[in-house]
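In what follows, a structure is listed as structure tokens, so that the remarks can point back to it.
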Amino acid sequence: MHIILHQPEIPANTGNIGRTCVATGTSLHLIEPLGFHLDEKSIKRSGMDYWDKLNVTRYMNYNEFLTKNPGAKIWMATTKAKKVYTEADFGADDFIMFGKESAGIPEEILVENEENCIRIPMLEEIRSLNLSNAVAIVLYEALRQNGFNNMQRQGELHRLQWR
């Protein structure tokens, strides 16, 4: 599974998303320009000590991403989509793209990919969810559809044991 962040602006969101990607074995793809430097303390703090374990690739722009990932199946998360994310049929190697916090994915990209646009349902008066929360919601649905492959199914208690 792959997460794409198109021009993310807030380092803490990218750090949190990076940590989620590490926890799920998901690759992170960052399309520039970024609203921060990747060496900022807030990214590393949000990603905790996991940032060095993250499989992350940077691209100068969306066209470079497309060139380096030919044939990629890309789901585009946007509040403007007709289809709900649970209606998508996610494949194990699919990409899920999210736009920058202030504006989302550019409409020029969305209109070319209408059939792959998905949204998270929410009340009308709410503009959007926090980016890192939105990534977690959609990513975990995609992982669920693919059987949570290679992920730990049950944790162990620290002091006691399950019956």
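Residue numbering for the sequence shown follows the working numbering, starting at 629 and increasing by one per position. Every residue, glycine too, gets a C-beta built ideally from N, C-alpha and C.
Notebook entry, point to check: What whole-angstrom Cβ distance do Ile748 and Val766 have, given they're in contact under 8 Å?
Noted result: Indeed, because the Cβ distance is near 7 Å, the residues count as touching under 8 Å.
Note to self: Can you find the residues in the same chain that come closer than 6 Å, C-beta to C-beta, to Ser655, ignoring five residues on each side of it along the sequence?
What the structure shows: Closer than 6 Å at Cβ, skipping near neighbours: His630, Asn683.
Next item on the list: Would you give the residue range spanned by the alpha helix (DSSP H) that Tyr690 belongs to?
Entry: Membership of Tyr690 in the alpha helix (DSSP H) is indicated by the continuous run 690-696.
Check: Are three or more beta carbon pairs between the segment 636-649 and the segment 728-744 nearer than 8 Å?
Finding: The segment 636-649, when compared against the segment 728-744, does touch it at the 8 Å Cβ threshold.
Next item on the list: Could you tell me the distance, in whole angstroms, from the CA atom of Gln604 to the CA atom of Trp790?
Entry: With the chain covering 629 to 791 only, the question about residue 604 has no answer from this structure.
Margin query: I need the DSSP call for Lys681, collapsed to helix, strand or coil.
Written below: Looking at Lys681 - three-state DSSP - the assignment turns out to be helix.
Note to self: Once DSSP output is grouped into helix, strand and coil, what is the label at Arg772?
What the structure shows: DSSP places Arg772 in the helix class (H, G or I) of the three-state scheme.
Margin query: According to DSSP, simplified to helix, strand and coil, what is Gly646?
Written below: In the structure shown, Gly646 sits in a helix (DSSP, three-state: H, G or I).
Next item on the list: Report the three-state DSSP secondary structure of Ala705 (helix, strand or coil).
Entry: In this structure, Ala705 counts as strand in the three-state DSSP scheme.
Checklist line | Ile733, DSSP secondary structure in three states | finding: DSSP places Ile733 in the coil class of the three-state scheme, outside both helix and strand.
Note to self: Taking a contact to mean a Cβ-Cβ separation below 7 Å, would you say Glu660 touches Tyr713 in this structure?
What the structure shows: For Glu660 and Tyr713, no; Cβs fall outside 7 Å.
Check: The beta strand (DSSP E) spanning Phe723 covers which residue range?
Finding: Taken as a continuous stretch (DSSP letters only), the beta strand (DSSP E) holding Phe723 covers 723-726.
Notebook entry, point to check: Can you tell which of Ala640, Leu694, Leu771, Phe718 has its C-alpha closest to the C-alpha of His657?
Noted result: The option with the nearest alpha carbon to His657 is Leu694.
Check: Which residues in the same chain as Met688 place their Cβ atom closer than 7 Å to its Cβ, once the five residues preceding and following it in sequence are excluded?
Finding: For Met688, where only same-chain residues beyond five positions count, the Cβ hits under 7 Å are Glu660.
Check: Within 10 angstroms of its Cβ, does Arg772 collect 16 or more other Cβ (buried), or is it exposed?
Finding: With a threshold of 16 other beta carbon atoms within 10 Å, Arg772 falls short and is exposed.
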